[in-house]
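Residue numbers for the sequence shown follow our numbering, so the first one is -10 and each next one is one higher.
Note that CB positions come from ideal geometry on N, CA and C, so glycine has one too.
This report concerns only the one structure given below.
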Amino acid sequence: MPPRKKREPQAKPERSERPEPAFLWERLDRPAPAPRSTLTPRRIARAAVAIADAEGLDAVTMRRLATDLGVAPMAAYRYVSGKDELLELMVDHVYGEMTPPEGAKDWRQAARALAQRTRAVLLQHPWVARAAVFTLTPNQVAVVESALASLAELDLDVDTMMAVCRAVDSYVKGAVDREIGLAELMQEQGWSSADETRIALAPRMNWLMNTGRYPTYARYINEATRKDDAQWQFEIGLNAVLDGIAARLGI
-10 MPPRKKREPQ AKPERSERPE PAFLWERLDR PAPAPRSTLT PRRIARAAVA IADAEGLDAV
50 TMRRLATDLG VAPMAAYRYV SGKDELLELM VDHVYGEMTP PEGAKDWRQA ARALAQRTRA
110 VLLQHPWVAR AAVFTLTPNQ VAVVESALAS LAELDLDVDT MMAVCRAVDS YVKGAVDREI
170 GLAELMQEQG WSSADETRIA LAPRMNWLMN TGRYPTYARY INEATRKDDA QWQFEIGLNA
230 VLDGIAARLG I
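Quick look at the structure:
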């Protein structure tokens, strides 16, 4: 018998890699199918933001959200995969309130308007600073785009433009963080006014000042007349930042 031919090894079929699931904003940007209910991403975001504003970020859960919306517990999962994407939706909703009115005459007027608007929105939604640290949403990018665009006609490179935007933004968020922290402390301790807060903290402050180690701080304690004027303090700091940028860059 003739020798049997060896069978050629068959090539293994290539394994098709499963595509990664689309992220939230890519999914929401696709044409929407016919709605099955009145539930929408905007309605979900608005309800979740209302819960966070009233009770804090920790109160926002998918189950609580469904209860407030009057829908089945799984209904919101048609749009968001869970708590992380829900937070993105909430942050984006709030950042949609930050874009200042158009019509600024120059970069400084635009920066001031955005800074003031950002402060107002963050004070209205104090949980946002904690939730927005690692998010990247359309309205967040739109706010940065607005700030960059106000500098686009100046003789600056793009790295400097972004550094200017971040310097102003860092000042605003730092100032607001202190305001929010004080408000939260007062709420936790049950202090209803600035005077009541100072009275409660007086024993500790008096001891510190009486050590004699902080003479300039003691002068502030005794002479300051705008201790409770957060708006004035914010404006002074903002002007200093903008003056510094203008002087440094000659703009």
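* Asked: With a cut-off of 8 Å, do at least 3 Cβ pairs link the stretch 45 to 59 to the stretch 94 to 101?
  -> no
* **Terminal residues of the alpha helix (DSSP H) in which Phe12 lies** => For this step, residue 12 is matched to residue 23 along the sequence shown. It is not in any alpha helix (DSSP H) - Phe12 carries neither H nor E in the DSSP assignment.
* Residue range of the alpha helix (DSSP H) that includes Tyr206 -> Counted from its first residue, the sequence shown places residue 206 at position 217. Pro204 to Glu212 is the span of the alpha helix (DSSP H), which, as asked, contains Tyr206.
* Option in Phe12, Ile210, Ala156 and Pro115 with minimal Cα separation from Ala229 -> For the purposes of this step, residue 229 is taken as residue 240 along the sequence shown, with counting starting at 1. Among Phe12, Ile210, Ala156 and Pro115, the Cα nearest to that of Ala229 belongs to Ala156.
* Asked: In the stretch 32 to 110, which residue ranges form an unbroken alpha helix (DSSP H) of at least 4 residues, counting only runs that do not cross its ends?
  -> 51 to 58 and 72 to 84
* Compute the distance between the beta-carbons of Tyr68 and Gln129, then report whether it is under 9 Å. => Reading the sequence shown from its first residue, position 79 is the one you call residue 68. Reading the sequence shown from its first residue, position 140 is the one you call residue 129. Contact: no.
* In chain order, each alpha helix (DSSP H) run of at least 4 residues that lies wholly inside the stretch 115 to 154 -> 117 to 120 and 127 to 138
* Asked: Excluding five sequence neighbours on each side, which residues of the same chain lie with their C-beta closer than 6 Å to the C-beta of Ala152?
  -> Position 163 of the sequence shown, counting from 1, holds the residue named residue 152. There are no such residues.
* Buried versus exposed, by CB contacts within 10 Å (16 or more), Val38 -> For the purposes of this step, residue 38 is identified with residue 49 of the sequence shown, where counting begins at 1. Counting Cβ neighbours within 10 Å, Val38 comes out buried, since at least 16 surround it.
* Asked: Are Val161 and Leu231 close, meaning C-beta to C-beta below 9 Å?
  -> Residue mapping note: residue 161 aligns to position 172 of the sequence shown, counting from 1. Residue mapping note: residue 231 aligns to position 242 of the sequence shown, counting from 1. Cβ atoms of Val161 and Leu231: not closer than 9 Å.
* Round the Cβ separation of Val165 and Leu111 to the nearest angstrom and send it over; I've been treating them as touching at under 8 Å. => To locate residue 165, count along the sequence shown from 1; it is residue 176. To locate residue 111, count along the sequence shown from 1; it is residue 122. Indeed they touch by this definition, with Cβ atoms about 5 Å apart.
* Simplified DSSP state of Ser5, which is helix, strand or coil -> In the sequence shown, residue 5 corresponds to position 16, counting from 1. Note that Ser5 scores 47 on pLDDT, short of 50, meaning its location in the model is unreliable and no value can be drawn from it.
* Separation of Ala136 from Leu238, as counted between CA atoms -> Taking the first residue of the sequence shown as 1, we reach residue 238 at position 249. Taking the first residue of the sequence shown as 1, we reach residue 136 at position 147. Answer to the nearest angstrom: the Cα atoms are 16 Å apart.
* From the DSSP output, in three-state form, read off Lys162 for me. => By 1-based counting over the sequence shown, the position of residue 162 is 173. In the structure shown, Lys162 sits in a helix (DSSP, three-state: H, G or I).
* Exposed unless 16 or more other CB atoms sit within 10 angstroms - verdict on Thr123 -> As a working note, residue 123 is residue 134 in the sequence shown. For the record, residue 123 in the displayed sequence is Phe; it is not Thr. The residue in question, Phe123, is exposed, as its Cβ has fewer than 16 Cβ neighbours within 10 Å.
* Helix, strand or coil at Ile240 [DSSP, three-state] -> Here the question's residue 240 lines up with position 251 in the sequence shown. In this structure, Ile240 counts as coil in the three-state DSSP scheme.
* Figure out for me which residue from Ser159, Pro127, Ile240 and Ser139 has the closest Cα to the Cα of Leu13. => If you number the sequence shown from 1, residue 13 lands on position 24. Looking at the Cα atoms, Pro127 is the closest of the given residues.
* Asked: Just reading off the alpha helix (DSSP H) that Leu190 is part of, what are its end residues?
  -> Looking up residue 190 in the sequence shown gives position 201. Segment Ala183 to Asn199, the alpha helix (DSSP H) holding Leu190.
* To do: State the Cα-Cα distance for the pair Leu76 and Asp148, rounded to the nearest angstrom.
  => Within the sequence shown, the letter at position 87 stands for residue 76. Within the sequence shown, the letter at position 159 stands for residue 148. Rounded to whole angstroms, Leu76 to Asp148 spans 30 Å at the Cα level.
* Please work out which residues of its chain come closer than 6 Å, Cβ to Cβ, to Thr214, disregarding the five sequence neighbours upstream and downstream, and give them in chain order. => Counting from 1 along the sequence shown, the entry for residue 214 is found at position 225. Correct list: empty, nothing qualifies.
* Asked: Exposed or buried, Ile225, counting other C-beta atoms within 10 Å across all chains shown (16 or more means buried)?
  -> Along the sequence shown, read from residue 1 onward, the residue named residue 225 stands at position 236. Under this definition Ile225 is an exposed residue.
* Decide if Thr205 is buried, meaning its Cβ has at least 16 other Cβ atoms within 10 Å, or exposed. => Numbered from 1 along the sequence shown, position 216 holds the residue referred to as residue 205. Burial call: exposed.
* To do: Just mark Pro192 as buried or exposed, buried being the case when its beta carbon has 16 or more other beta carbons within 10 Å.
  => What you label residue 192 is simply residue 203 of the sequence shown in a count that begins at 1. By the 10 Å Cβ count, Pro192 comes out exposed.
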